[in-house]
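Novice: Quick note, the sequences are listed as chains A and B, same order.
So the first sequence is residues 1 to 399, counted in full-length UniProt numbering.
So the second sequence is residues 1 to 327, counted in full-length UniProt numbering.
Glycine included, C-beta positions come from ideal geometry on N, C-alpha and C.
Please read these numbers as outputs of a predicted model, since none were measured by experiment.
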Amino acid sequence: MSKFLMPSLGADMESAILMEWLVKEGDRVSKGQIIAEVETSKGVIEIEVFEDGIVEKLLVKEESECKVGEPLAIIASDEKKPLHVEEKHESKQPVVQETKEEQIVSEPPKPTALHVEQEARLKISPAARKKAGETGADLSKFDPNDGVVQLSKIEAASTTEQEEPTKIESKSDTHIEKNSGMRQAIATAMSRSNAEIPHYYLSTSINMTPALKYLEELNKKRSIKDRILPVAILIRAVVLSLKEVPELNGFWQNNSHQISKEIHPGIAIALRKGGLITPALLNADIMTIDDTMNSLSDLITRTRGGKLRSTEMTSQTITITNLGDLGVESVFGVIYPPQLAVVGLGAIIDSPWAEGDALCVRKVMRATLAGDHRATDGRTGGVFLDRLNHYLQNPKELL
Amino acid sequence: MDNTITYREAVREAIRKAMSEDERVFLMGEDVGNYGGSYAVSRGLLDEFGRERIIDTPLSESAFTGAGIGAAMNGMRPIVEIMTVNFSLLALDQIINNAGSLLHMSGGQFNVPLVIRMATGVGNQLGAQHSHSLEGWLSYIVGVKVLTPATVQDAYDMIGLALSDPDPVLVFENSLLYNSKGSLDTKSTPIPIGKALVHRPGKDITILTYGINLFKALEAAETLAKDGIDAEVIDLRSLRPLDDETIMKSVAKTHRVVIVDDGWKSGSISAEIMARINEQAFYELDAPMARVCTLEVPLPYAKHLEDAAIVQVDKIIEMAKKVMVQS
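1) Could you give the distance in angstroms between the alpha-carbon of residue 62 of chain A and the alpha-carbon of residue 21 of chain A?
2) Looking only at its own chain, which residues have a Cβ that is under 6 Å from the Cβ of residue 266 of chain A, when we skip the five neighbours before and after it?
3) Using DSSP's beta-bridge definition, name the partner residues of residue 174 of chain B.
4) Mind checking if residue 151 of chain A is an interface residue toward chain B, Cβ cutoff 8 Å exclusive?
5) Out of A:356, A:345, A:193, which one is the CA nearest neighbour of residue 326 of chain A?
6) My guess is that residue 17 of chain A and residue 49 of chain A are in contact by the Cβ rule of under 8 Å, so how many angstroms apart are they, rounded?
7) From residue 101 of chain A to residue 56 of chain A, what distance separates their C-alpha atoms?
8) Whole angstroms is fine: what's the gap from residue 384 of chain A's alpha carbon to residue 390 of chain A's?
9) With burial defined as no fewer than 16 other Cβ atoms inside 10 Å of the residue's Cβ, what is the status of residue 216 of chain B: buried or exposed?
10) Name the chain A residues whose beta carbon is nearer than 9 Å to that of residue 284 of chain B?
11) Using alpha carbons as the reference points, say which of A:244, A:290, A:242 lies closest to residue 229 of chain A.
12) Contact defined as beta carbons within less than 8 Å: I believe residue 176 of chain B pairs with residue 121 of chain B. What is the distance between those atoms, to the nearest angstrom?
13) Applying a beta-carbon distance threshold of less than 7 Å, which residues of chain A neighbour residue 255 of chain B?
14) Per DSSP, what kind of secondary structure is residue 384 of chain A in: helix, strand or coil?
15) Measuring CA to CA, which of A:263, A:369, A:37 is closest to residue 282 of chain A?
16) Residue range of the beta strand (DSSP E) that residue 262 of chain B falls in?
17) In chain order, what residues of the same chain lie with their CB nearer than 6 Å to the CB of residue 114 of chain A, ignoring the 5 residues before and after it?
18) For residue 255 of chain A, does the three-state DSSP call read helix, strand or coil?
19) Looking only at its own chain, which residues have a Cβ that is under 8 Å from the Cβ of residue 7 of chain A, when we skip the five neighbours before and after it?
20) Straight-line CA distance for residue 254 of chain B to residue 148 of chain A?
21) Buried or exposed for residue 373 of chain A, going by 16 or more other Cβ atoms inside 10 Å?
22) How many angstroms separate the CA atom of residue 186 of chain B from the CA atom of residue 17 of chain B?
23) Below 8 Å on the Cβ atoms is my guess for residue 248 of chain A versus residue 380 of chain A; work out the distance and round it to an integer in Å.
24) For the structure I just gave you, are there three or more beta carbon pairs, one from the region 231-242 of chain B and one from the region 284-295 of chain B, closer than 8 Å?
25) So if DSSP puts residue 355 of chain A in a beta bridge, which residue, or which two residues, is it bridged to?
26) Going along chain A in order, which residues have a C-beta closer than 8 Å to the C-beta of residue 290 of chain B?
27) Let me check understanding here. Comparing Cα to Cα, which of B:90, B:273, B:221 lies closest to residue 245 of chain B?
28) Does any residue of chain A have a CB that is nearer than 8 Å to the CB of residue 302 of chain B?
29) Assuming residue 277 of chain B and residue 251 of chain B are in contact, meaning their beta carbons sit under 8 Å apart, how far apart are those beta carbons, in whole angstroms?
30) Residue 157 of chain A to residue 150 of chain A, Cα distance in whole Å?
31) Determine, for residue 99 of chain B, whether the minimum Cβ-Cβ distance to residues of chain A falls below 8 Å.
32) Considering only the beta carbon of each residue, do residue 142 of chain B and residue 170 of chain B sit closer than 8 Å?
33) How many angstroms separate the CA atom of residue 46 of chain B from the CA atom of residue 40 of chain B?
34) Determine the DSSP secondary structure at residue 179 of chain B, reduced to helix, strand or coil.
35) Taking only beta-carbon positions, decide if residue 287 of chain B is within less than 8 Å of chain A.
36) Is residue 199 of chain A helix, strand or coil when you go by DSSP?
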């Protein structure tokens with residue numbers, strides 16, 4: 001028997017709302033099965049169970065907020081219980097009762113904790129809440145046990161504070177608050193990145209004409225829906241380059257450089273309503289170009305539909321950001337901690353290009369790399385960009 | 001010119017003035033002629049205006065209210081007197097299905113310029129069938145206006161306002177107010193229908209009321225003032241339409257509300273007012289709104305039980321203090 005805990009779906013996540021259980025008590029689950037949907041600041045994520053077993057007890061109600069690490073369910077080990085359940089399928093009463101008793105014994109602190117939380121809810125009058133909103137008074141300063149927070153308390157508090165900055169802050173806040181959850185998540189991660197990670201930046205121009213020509217030839221033979229988009233070859237080229245320069249693929253954790261064997265590039269995907277998510281294209285290293293294309297389409301669709309899985313939110317080993325569609329020529333990314341690097345891909349534009357002694361026009365893309373200088377040096381990054389260039393000059397190798 | 005007269009005289013003067021100025025105006029109801037009205041409001045009018053304009057009717061509220069509607073639709077300006085609000089229930093069909101509906105049902109072709117006066121109010125040991133305040137309930141009706149004059153000035157002004165309104169207007173005269181005295185300025189411009197009046201400005205708590213309870217609320221406010229609570233007392237004057245603007249303005253100032261209503265609590269005008277404040281001024285509230293209403297019993301006859309059932313000054317004071325310390 002083990003507890004299924006609220007997973008951390010990002011270095012910056014503190015809690016999430018369990019939106020829906022996709023299993024019920026008594027259900028048999030297997031490793032990797034999606035058993036719940038949780039809503040984080042980044043959207044709705046499907047979360048997977050990490051072992052085989054039987055859902056013995058769901059500890060958390062739907063639509064309740066849970067901290068990372070909080071037990072969500074009890075999963076009974078698969079060994080005896082399933083037999084019981086299956087055998088006594090007709091008269092499952094005893095089994096259910098048995099498990100119930102066990103839970104009561106094993107989970108007494110849970111309900112009390114909930115009660116305390118309910119009792120501790122701050123009561124605040126509407127007028128006081130409105131005033132607090134106007135003055136930017138900090139409601140967390142009030143003790144729920146001191147009774148209702150009324151206008152007089154807020155007024156008293158704001159006369160003691162009365163600072164100009166709070167007022168200005170509350171005014172300028174209004175815009176940001178709309179997607180504050182995600183904005184806050186990005187803000188936290190990126191502040192941490194810039195504070196902790198010494199970045200180095202490299203940039204190189206890549207002649208994309210050979211790759212695009214090759215792609216054109218390839219697509220000619222294919223039906224429209226099977227066609228490969230340039231972004232797929234770019235990702236493929238990054239992944240293959242990472243295989244040769246694995247130092248950039250992994251994490252900097254506990255002051256040590258950890259190289260990941262699998263390559264799960266996080267693909268920066270802009271959401272239509274604003275904000276950005278970088279879900280992982282899982283196991284991109286063992287994909288063909290077609291797999292890459294298909295998986296990418298699927299990933300984008302699910303990201304925008306808010307249907308990502310927890311592993312996709314947590315497994316990224318490197319980030320690829322492509323601002324080419326906006327005509328941006330070079331992107332110098334900020335590394336998402338604890339990753340080691342971010343690859344930036346700019347727009348493919350017609351540029352003057354020297355070949356031998358001749359000057360000609362080619363499709364050119366700027367590829368950049370921001371690396372964590374604690375883990376790697378510019379030289380490693382340089383090798384990576386060189387390999388990236390190599391693959392894009394020799395597109396046949398991408399298949 | 002100022003002079004002090006009773007509420008009863010003010011109503012009578014208003015009717016007399018209207019009848020003198022406009023020959024389409026007439027009064028009908030039970031005992032309004034020979035007997036001079038059960039509350040003596042129309043005493044003397046029969047001699048002055050004759051049987052064609054001061055009409056005694058049979059005991060049939062539905063019939064004479066219906067007759068009033070017909071007369072109004074045909075260009076007359078009838079004042080129908082219903083002896084007490086309890087009896088108006090017999091005329092509800094006429095009030096709702098005809099008076100309140102005809103303008104809409106005729107596509108705006110027929111107004112019903114009818115005035116219905118009723119005695120209302122609790123107290124005076126009249127028993128359950130003669131002593132209720134159903135004006136909140138009648139305010140539910142679409143198509144009519146509901147006025148509740150509390151002061152002598154309003155008793156006088158509102159008859160004129162009601163008669164000049166093209167639509168049916170119900171005027172609720174509290175029977176316990178008929179003997180009350182006040183100054184009357186017959187030359188002043190009447191405050192229009194649908195406008196509430198701040199009788200006593202205050203900053204700590206709003207007491208919303210109408211009719212006779214205005215005076216209980218004002219008395220309560222004086223006592224509250226001694227305890228350092230500055231109550232604002234508002235006379236709603238009109239229960240339909242309600243003056244949302246004045247109500248919300250006051251709530252935004254005091255952030256606390258007590259509603260004093262002669263009716264029963266459940267489904268009352270006080271419930272409607274609470275709902276509106278919730279809709280329009282929720283974020284102005286600093287404490288839950290409270291009500292002082294008549295207990296939910298048919299009004300008892302016995303004096304001590306009757307007193308216990310109805311709104312009293314000390315109940316208003318108690319409730320206001322409770323709201324003030326609410327936490």
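Specialist: Judging by the given coordinates:
1) Here residue 62 of chain A is taken as the residue at index 62 of the first sequence, counted from 1. Here residue 21 of chain A is taken as the residue at index 21 of the first sequence, counted from 1. If I take the Cα positions, the gap works out to 7 Å.
2) The sequence position of residue 266 of chain A within the first sequence is 266, counting from 1. Closer than 6 Å at the Cβ level, and outside the excluded window around residue 266 of chain A, lie 278, 280, 316, 319.
3) Here residue 174 of chain B corresponds to residue number 174 of the second sequence, with the count starting at 1. According to DSSP, residue 174 of chain B bridges with B:120.
4) Sequence index remark: in the first sequence, residue 151 of chain A carries index 151 (1-based). Yes, because at least one Cβ of chain B sits closer than 8 Å to the Cβ of residue 151 of chain A.
5) Here residue 326 of chain A refers to the residue found at position 326 of the first sequence. Taking only the C-alpha atoms, the option nearest residue 326 of chain A is A:345.
6) Taking the first residue of the first sequence as 1, we reach residue 17 of chain A at position 17. Taking the first residue of the first sequence as 1, we reach residue 49 of chain A at position 49. At roughly 19 Å, the Cβ-Cβ gap does not stay under 8 Å, so residue 17 of chain A and residue 49 of chain A are not in contact.
7) Mapped onto the first sequence, residue 101 of chain A falls at position 101. Mapped onto the first sequence, residue 56 of chain A falls at position 56. A caution first: residue 101 of chain A carries a pLDDT of 41, below 50, which makes its placement in the model unreliable, though a value can still be read off. Taking the straight line from one Cα to the other gives about 11 Å.
8) Start at 1 with the first residue of the first sequence, and residue 384 of chain A comes out as number 384. Start at 1 with the first residue of the first sequence, and residue 390 of chain A comes out as number 390. Distance between the alpha carbons of residue 384 of chain A and residue 390 of chain A is about 10 Å.
9) Position 216 of the second sequence, counting from 1, holds the residue named residue 216 of chain B. So residue 216 of chain B counts as buried.
10) Walking along the second sequence from the start, residue 284 of chain B turns up at place 284. Neighbours of residue 284 of chain B on chain A, chain order: 126, 127, 130.
11) Along the first sequence, read from residue 1 onward, the residue named residue 229 of chain A stands at position 229. Per the Cα distances, A:290.
12) Counting from one through the second sequence, the residue named residue 176 of chain B turns up at place 176. Counting from one through the second sequence, the residue named residue 121 of chain B turns up at place 121. Going by Cβ atoms, the distance from residue 176 of chain B to residue 121 of chain B rounds to 5 Å, so yes, they are a contact pair.
13) Within the second sequence, the letter at position 255 stands for residue 255 of chain B. Chain A residues near residue 255 of chain B: 127, 151.
14) The residue given as residue 384 of chain A occupies position 384 in the first sequence. Correct three-state label for residue 384 of chain A: helix.
15) Reading the first sequence from its first residue, position 282 is the one you call residue 282 of chain A. The shortest Cα separation from residue 282 of chain A among A:263, A:369, A:37 belongs to A:263.
16) Within the second sequence, residue 262 of chain B is the residue found at index 262, counting from 1. Per DSSP, residue 262 of chain B belongs to the beta strand (DSSP E) from 257-264.
17) Taking the first sequence and counting its residues from 1, one reaches residue 114 of chain A at position 114. Residue confidence for residue 114 of chain A is low, a pLDDT of 42 falling below 50, so the modelled location carries little weight and cannot support an answer.
18) Position 255 of the first sequence holds residue 255 of chain A. Here residue 255 of chain A sits in coil by DSSP.
19) Mapped onto the first sequence, residue 7 of chain A falls at position 7. Once the five neighbours on either side are set aside, the close Cβ partners of residue 7 of chain A are 47, 68, 310, 314.
20) Sequence index remark: in the second sequence, residue 254 of chain B carries index 254 (1-based). Sequence index remark: in the first sequence, residue 148 of chain A carries index 148 (1-based). The straight-line gap from Cα to Cα measures roughly 17 Å.
21) In the first sequence, residue 373 of chain A corresponds to position 373, counting from 1. It is exposed - the Cβ of residue 373 of chain A has fewer than 16 other Cβ atoms within 10 Å.
22) Stepping through the second sequence from its first residue, residue 186 of chain B is reached at position 186. Stepping through the second sequence from its first residue, residue 17 of chain B is reached at position 17. Residue 186 of chain B and residue 17 of chain B: Cα-Cα distance of roughly 10 Å.
23) Along the first sequence, read from residue 1 onward, the residue named residue 248 of chain A stands at position 248. Along the first sequence, read from residue 1 onward, the residue named residue 380 of chain A stands at position 380. Their Cβ separation, rounded to whole angstroms, is 7 Å, which keeps residue 248 of chain A and residue 380 of chain A in contact under 8 Å.
24) no
25) Here residue 355 of chain A corresponds to residue number 355 of the first sequence, with the count starting at 1. DSSP, once it has assigned bridges, lists A:358 as partnering residue 355 of chain A.
26) The residue you call residue 290 of chain B lines up with position 290 of the second sequence. Residues of chain A passing the Cβ test: none, with the nearest at roughly 14 Å.
27) Position 245 of the second sequence holds residue 245 of chain B. That would be B:273, whose Cα lies nearest to the Cα of residue 245 of chain B.
28) Locating residue 302 of chain B in the second sequence gives position 302, where the first residue counts as 1. Output row for residue 302 of chain B: interface = no.
29) Counting from 1 along the second sequence, the entry for residue 277 of chain B is found at position 277. Counting from 1 along the second sequence, the entry for residue 251 of chain B is found at position 251. Right, the Cβ-Cβ distance comes to about 6 Å (below 8 Å), so this counts as a contact.
30) Translated into the one-based positions of the first sequence, residue 157 of chain A becomes position 157. Translated into the one-based positions of the first sequence, residue 150 of chain A becomes position 150. For residue 157 of chain A and residue 150 of chain A, the distance between alpha carbons rounds to 11 Å.
31) In the second sequence, the residue the question calls residue 99 of chain B occupies position 99. Chain A, which has no Cβ nearer than 8 Å to the Cβ of residue 99 of chain B, makes this no.
32) Within the second sequence, residue 142 of chain B is the residue found at index 142, counting from 1. Within the second sequence, residue 170 of chain B is the residue found at index 170, counting from 1. Contact flag unset, no.
33) Translated into positions along the second sequence, residue 46 of chain B becomes position 46. Translated into positions along the second sequence, residue 40 of chain B becomes position 40. Residue 46 of chain B and residue 40 of chain B: Cα-Cα distance of roughly 12 Å.
34) Taking the first residue of the second sequence as 1, we reach residue 179 of chain B at position 179. Residue 179 of chain B: coil per DSSP, three-state reduction.
35) In the second sequence, the residue the question calls residue 287 of chain B occupies position 287. It does: the Cβ of residue 287 of chain B has a partner Cβ on chain A nearer than 8 Å.
36) Taking the first sequence and counting its residues from 1, the one referred to as residue 199 of chain A is at position 199. Of the three classes helix, strand and coil, the one that applies to residue 199 of chain A here is strand, per DSSP.
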